[in-house]
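This report concerns only the one structure given below.
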Amino acid sequence: MIRAESVGYSYKETVALRDVSFALPAGQTLAVVGPSGCGKTTLLSLIAGLLEPATGRLTVAGQPINPRRPGTSLIMQDYGLLPWKTVRENAALGLIIRGLPRDRADQALAEIGIRELGDRWPHQLSGGQRQRVAIARSLALDPDLLLMDEPFSALDALTREEMQDTLLSIWQRHGTTMVLVTHSITEAVYLGHQIMVLSPRPGQVVGHFQNPSVGDRRSRAYHELVNNVRDALEKGVAQHG
Amino acid sequence: MARRHWYHYAIALAIMAAGWEALALSLHTPAFPRLAEATRAFVEAFSGGPGLQHFYTSLYRVTLSTVISLVVGIPWGLYLGRSGGPIGNVLVYLLHPIPKVVFLPVIIVVMGIGDTSKIFLITLVILFQVVVTVRDAAAGVGQGLIRSVKSLGGSEWHIFRHVILPASLPGIFTALRLVTGTAVAVLFFAETYATKYGLGSLVWDAWSMRQYGLMFAGVMAMALMGFGFYVLLDWAERVICPWADSQR
Ligand SMILES: Nc1ncnc2c1ncn2[C@@H]1O[C@H](COP(=O)(O)OP(=O)(O)OP(=O)(O)O)[C@@H](O)[C@H]1O
Ligand SMILES: [Mg+2]
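Protein chains in written order, with our numbering: chain G, 5 to 245; chain E, 757 to 1004.
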């Protein structure tokens, strides 16, 4: 679904990403971990087509990246809900923009368990509920590629695990390809078929793991992988930081 | 902003009345009449006939000027706030502080002494307040929301329609509150020449004939008109920007 070959990106003088390569097959999930400021958001913006890679090649479903690709859906770090739209209107925004009927928004809100909040304003919601609205807004568009930027970092530990399970069940039902940026190693190992570790800025790949224990928080393989990812992360910081 | 109740208005009125009386008693001059005298003149002047004609004429001029300044100023401010270069902004800053009343002779030469010149003068005074307020509101829109609409496949039009415009609406209401007050105050210049009707001319004539009761009756009518705009705008903002209202 996604293929990156030596992708690099710079904001004026600031080199944010260098020589990032990976391949993500359709229907799989990729978790990206790395220290703050290493270029994770930049990487998602590139895949979403909001930025153009400075070097290298990046394709989604075999096509060069394009911000208008209908199947790609990005959930931003701060959720990107419009304060002047109700929950229902926010969930329907992508449909409205694409001129599609709005009823899929209600279905998506129902699927994610917040249909009864449809008439509220975003500022009247808890962090977890806001997160759900953002996910519903994406799901309403029936995406084949879901990009999420630290979706759960603002949530308390319990809500966070609940949302992780919600995400997992979405994946099991829809088989959506997902890229998930996170600060949390355990979250990466719980949700990612692949786990990619980036070094401090400029972000380079310092570890890439295949994960057979997705959706399992208790197995030995899970704990082992958590340790391996942590080692890679620390090594990356020691060598590049 | 807390919801206002009738007794808030009553208390504010009482404070104003007390201040008026204190001032009138201490100044003790016919140029500043007692409240009772001004009120009597007010009731007499505005209980029918020419008084109301004065009021409606002014109301018409202020309303039309405000509408024109919005129609011109909102797109102009939005443009400057979103994509206007430094030249446009410098121009606005240069033009904004100029006392527009100095153009009155030119305006009269070009537009004649009728309604058009009066409305144009009022519009000219308030237009830049609209432009600057709307520009700042539009410029303050966060990049995050714009990216969010873009990532959903939104075009420039969608960004405008779903982000820039609603984000600027509270600023547009601020502009309106500012300019309706200013527009009423400018009547005093705009209605001093060649007009039979208008609160400005009422005040001016009363002044020149030393009918101070009537003069202050005209001032009261101006205050009421301005106040009427505030009430109307508060209501309109609650209807048009319900999200902001529920945040208060
Ligand atoms: N618009 C920009 N202009 C200049 N530099 C930028 C811009 N956006 C990001 N950067 C820089 O690029 C680097 C990567 O930023 P990015 O937002 O991708 O990091 P991140 O990994 O998402 O960080 P975090 O985990 O804190 O969200 C940072 O050093 C940041 O300061
Ligand atoms: Mg980030």
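All C-beta atoms, glycine included, are put in the ideal place defined by N, C-alpha and C. What you are looking at is a predicted structure, and each value in this text was computed from that prediction instead of being measured.
Rounded to whole angstroms, the gap between the alpha carbons of lysine 856(E) and leucine 980(E) is 25 Å. About 4 Å separates the CB atoms of alanine 962(E) and leucine 970(E); that is less than 8 Å, so the two are in contact. Going by beta carbons, proline 216(G) and valine 19(G) fall outside the 8 Å limit.
In this structure, the alpha-carbon of glutamate 993(E) lies about 46 Å from that of leucine 21(G). Rounded to the nearest whole angstrom, the CA to CA distance from threonine 948(E) to serine 957(E) is 5 Å. Annotation for serine 188(G) indicates a beta carbon at 7 Å or more from all heavy atoms of ligand 1.
For leucine 104(G), not one C-beta of chain E is nearer than 8 Å to its own C-beta.
Annotation: Cβ neighbours of glycine 900(E) in chain G (cutoff 8 Å, chain order): Met80, Asp82, Gly84. Neighbours of leucine 908(E) in chain G, taken as residues whose beta carbon is under 7 Å from its own, are Leu97, Gly98, Ile101 in chain order. For proline 71(G), the nearest CB of chain E lies under 8 Å from its own CB, placing it at the interface with that chain.
Close partners of tryptophan 999(E) in chain G (Cβ separation under 7 Å): Pro87, Trp88, Trp125. Pairing phenylalanine 788(E) with aspartate 871(E), the inter-Cα distance amounts to about 31 Å. Proximity of arginine 903(E) to chain G, defined by a Cβ-Cβ separation below 8 Å, is satisfied. Taken atom to atom, the span from the alpha-carbon of valine 828(E) to that of glycine 898(E) is near 25 Å. Distances between the C-beta of glutamate 191(G) and the heavy atoms of ligand 2 are all 7 Å or more. Identification of chain E residues near leucine 55(G) by a Cβ-Cβ cut-off of 8 Å yields none; the smallest Cβ-Cβ distance measures about 10 Å. Inclusion of glycine 179(G) and glycine 66(G) in the CB contact set at 8 Å is not warranted, their separation being larger than that value.
In the structure shown, glutamine 967(E) adopts coil according to DSSP, grouped into three states. Taking 7 Å as the cut-off, the C-beta of threonine 45(G) counts as close to a heavy atom of ligand 1. Taking a Cβ-Cβ threshold of 8 Å, the residues of chain E close to alanine 52(G) are Ser907, in chain order. Histidine 187(G) sits in coil when the DSSP states are folded into three classes, being neither helix nor strand. Note that the stretch 146–154 of chain G touches the stretch 73–80 of chain G; at least 3 beta-carbon pairs, one per stretch, sit closer than 8 Å.
In the structure shown, the three-state DSSP call for methionine 200(G) is strand.
Identification of chain G residues near proline 922(E) by a Cβ-Cβ cut-off of 9 Å yields Leu86, Pro87, Trp88, Lys89, ordered along the chain. When beta bridges are read from the DSSP output, threonine 181(G) appears opposite Leu149(G).
Here the C-alpha atom of glycine 840(E) lies approximately 11 Å from the C-alpha atom of proline 831(E).
Residue pairing from DSSP leaves serine 10(G) without any beta-bridge partner.
Judged by beta-carbon spacing, valine 210(G) lies within the 8 Å limit of alanine 236(G), meaning their Cβ atoms are closer than that value.
Here the alpha carbons of leucine 808(E) and valine 137(G) stand approximately 54 Å from one another. Shown here, proline 861(E) sits in a helix according to DSSP, grouped into three states.
From the beta-carbon of proline 68(G), no residue of chain E is found nearer than 9 Å; the closest lies around 17 Å away.
Your pair arginine 933(E) and leucine 988(E) does not check out as a contact, with CB atoms roughly 10 Å apart and the cut at 8 Å.
When the beta-carbon positions are compared, valine 959(E) and valine 935(E) stay at least 8 Å from each other.
Of the candidates Gly868(E), Trp776(E), Ala946(E), Ala895(E), the residue whose Cα lies closest to the Cα of tyrosine 835(E) is Ala895(E). Flagged as an interface residue toward chain E: proline 74(G), by a C-beta distance shorter than 8 Å. One thing to note: leucine 908(E) has its Cβ no nearer than 8 Å to the Cβ of isoleucine 139(G).
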